[in-house]
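Protein chains in written order, with the UniProt record's numbering: chain A, 1 to 181; chain B, 1 to 181. Down below is the structure, laid out as structure tokens.
2 protein chains.
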Amino acid sequence: MKQEKTDNLQPGGVSAPRFDAIDRKISAALVKDAGRSFASLSEEIGLSAAALHERVKRLRANGVIRRTQAALDGAKIGKPLLAYIHVTTAGWGITPGLMKIAQLPEVEEVQTVTGDISVIMKVRVSHSLALQGLLARLYKLKEVRATSSHVVLSTHQERPVQAEITEDLGSEVAVGIIPEV
Amino acid sequence: MKQEKTDNLQPGGVSAPRFDAIDRKISAALVKDAGRSFASLSEEIGLSAAALHERVKRLRANGVIRRTQAALDGAKIGKPLLAYIHVTTAGWGITPGLMKIAQLPEVEEVQTVTGDISVIMKVRVSHSLALQGLLARLYKLKEVRATSSHVVLSTHQERPVQAEITEDLGSEVAVGIIPEV
DNA sequence: GCCTATGCCCGAATAAAATTCGGCAACAGG
DNA sequence: CCTGTTGCCGAATTTTATTCGGGCATAGGC
């Protein structure tokens, strides 16, 4: 029996759903390929298929895994033009008009952000005329003050949320910045 | 017999794969939920499970469906801070230094764009110190002239490439814009 | 220290799904 | 009119997901 020491267990936290190293590993694997069979994954993780299945079920129930989806090729489905639209609005937040535009299948992201712009939209369209049409719809909204578009020339990385975390990202800057008490 | 005629080949090596309305419908369904059984999907589409399976297999082979992946909740895996970093670089394009940073699991997108900035990066980190660490790594590269960060306050839409296309997006602007010949 | 409740895991059985296969019909080209 | 090709179907077949009963270890009450 190759029973691993269960040092992955966490002290009983009632509120926060636990998410240990194994869960992270499973999540990372499913982000890369959600179509893999539990059998082969369980081998890689070091769990039985049944235990793995239970964990995945719990990850879904907890909302860690929100869903599993197909990743399409934008160009091959007829939408080769990707762009970011920066929107400056009068007033605050997202209005019903903007939300309606956000529902268009061309619109992939709508985020309110800090900085000198209010909203960042990520849109993918069939051709430049469609981009213009999208901008026209934006300018029909009276809360839209200005827009600034950035057409994507080439994509060097584009992927969903990754499960892994680089541990030493913050620490390297911390030295000499945190004041002594 | 499946013979490959050389005159079928197009520049790029791939003969034009067809992508009809049914394919689009299937793709749209799989983007929403790739875990659905072929049986239930075939009912909705109006095909047999076998025919549906064959189409999906072809969509994958053609690269229309690039992969199927799990969508994680950024906050629940310990990365609640989402931001866009606009990078202005000296010289052109993506350098090896930038490509290395693009491999970090915190970096979800790296795009070269038109406009007054060179690169747009989408990053998701655990806390602001990690964002600072990321910026520190960027500024270590001598090709990086300046950056401008936009922290996401709230996400109103965030989803992968959608299969649907709004047909009348371009047409509405076209009226009165395209000059008569 | 002992006892029990709990969480996590396993192997095997079962249910469900994916995948394959042979054949039929529509269509285009010769 | 024939013929090769394509897309589809229903039914087998194989693979996979899912359930089930139980074992082991830990934590906490007593």
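Here a beta-carbon is modelled for each residue, glycine too, at the ideal position from N, C-alpha and C.
Check: Can you confirm whether G91 of chain A, when its beta carbon is compared against all beta carbons of chain B, has any partner nearer than 8 Å?; Outcome: no
Check: Check P80 of chain A in the structure and name its three-state DSSP category.; Outcome: coil
Check: At 7 Å on the CB atoms, spell out the chain B contacts of G35 of chain A, in chain order.; Outcome: T68
Check: In chain A, which residues lie with their C-beta within 7 Å of the C-beta of D73 of chain B?; Outcome: G63, V64, R66
Check: Quick one: what's A71 of chain A bridged to in DSSP?; Outcome: B:R67
Check: Within a Cβ cutoff of 6 Å, which residues of the same chain sit near residue 183 of chain A, ignoring the five residues on either side of it in sequence?; Outcome: Residue numbering for chain A in the displayed model covers 1 to 181; residue 183 of chain A lies beyond these limits and cannot be assessed.
Check: Measuring CA to CA, which of A:V113, A:M99, A:P105 is closest to L138 of chain A?; Outcome: A:M99
Check: DSSP puts T89 of chain A in a beta bridge; with which residues?; Outcome: A:V144
Check: With a CB to CB cut of under 8 Å and the five nearest residues on each side skipped, what residues in its chain are close to A39 of chain B?; Outcome: A49
Check: Exposed or buried, P160 of chain B, counting other C-beta atoms within 10 Å across all chains shown (16 or more means buried)?; Outcome: buried
Check: Determine the DSSP secondary structure at R60 of chain B, reduced to helix, strand or coil.; Outcome: helix
Check: Just grab the DSSP bridge partners of S154 of chain B for me.; Outcome: A:T112
Check: Do A102 of chain A and H156 of chain B come within 8 Å of each other at the CB atom, strictly closer than that value?; Outcome: yes
Check: Going by DSSP, what residue range makes up the alpha helix (DSSP H) through I22 of chain A?; Outcome: 21–32
Check: Beta carbon of V152 of chain A, beta carbon of A83 of chain A: below 8 Å?; Outcome: yes
Check: Please state whether the Cβ-Cβ distance between L41 of chain B and A29 of chain B is less than 8 Å.; Outcome: yes
Check: Nearest chain A C-beta to R55 of chain B closer than 8 Å, yes or no?; Outcome: no
Check: Name, please, each residue of chain B whose Cβ falls closer than 8 Å to the Cβ of F38 of chain A.; Outcome: Residues of chain B passing the Cβ test: none, with the nearest at roughly 13 Å.
Check: If we ignore side chains and look at the alpha-carbon of each, how far apart do H53 of chain A and I26 of chain A end up?; Outcome: 10 Å
Check: Could you tell me how far apart the beta carbons of K79 of chain B and V119 of chain B are, in whole angstroms, since I believe they sit closer than 8 Å?; Outcome: Wrong, their Cβ atoms sit about 21 Å apart, outside the cutoff.
Check: Could you tell me whether the Cβ of A130 of chain B comes closer than 8 Å to any Cβ of chain A?; Outcome: yes
Check: Is S37 of chain B helix, strand or coil when you go by DSSP?; Outcome: coil
Check: Pull up the distance between the alpha-carbon of A146 of chain B and that of T88 of chain B, whole angstroms please.; Outcome: 5 Å
Check: Within 8 Å (strictly less), CB to CB, does S42 of chain B reach chain A?; Outcome: no
Check: Counting only beta-carbon atoms, is P160 of chain B nearer than 8 Å to chain A?; Outcome: yes
Check: Is G115 of chain B near H127 of chain A, with beta carbons less than 8 Å apart?; Outcome: no
Check: My assumption, with CB atoms under 8 Å, is that E106 of chain B sits in contact with L134 of chain B. Please give the rounded CB distance.; Outcome: 6 Å
Check: Run down chain B in chain order and give the residues with a C-beta less than 7 Å from the C-beta of P105 of chain A.; Outcome: Q162, E164, I165, T166
Check: With DSSP collapsed to three states, give me the class of S171 of chain A.; Outcome: helix
Check: Provide the residue(s) that pair with K122 of chain A in DSSP beta bridges, ordered along the chain.; Outcome: A:Y84, A:E109
Check: Name the chain B residues that come within less than 9 Å of T88 of chain A, Cβ to Cβ?; Outcome: Chain B residues near T88 of chain A: none, gap ~12 Å exceeds 9 Å.
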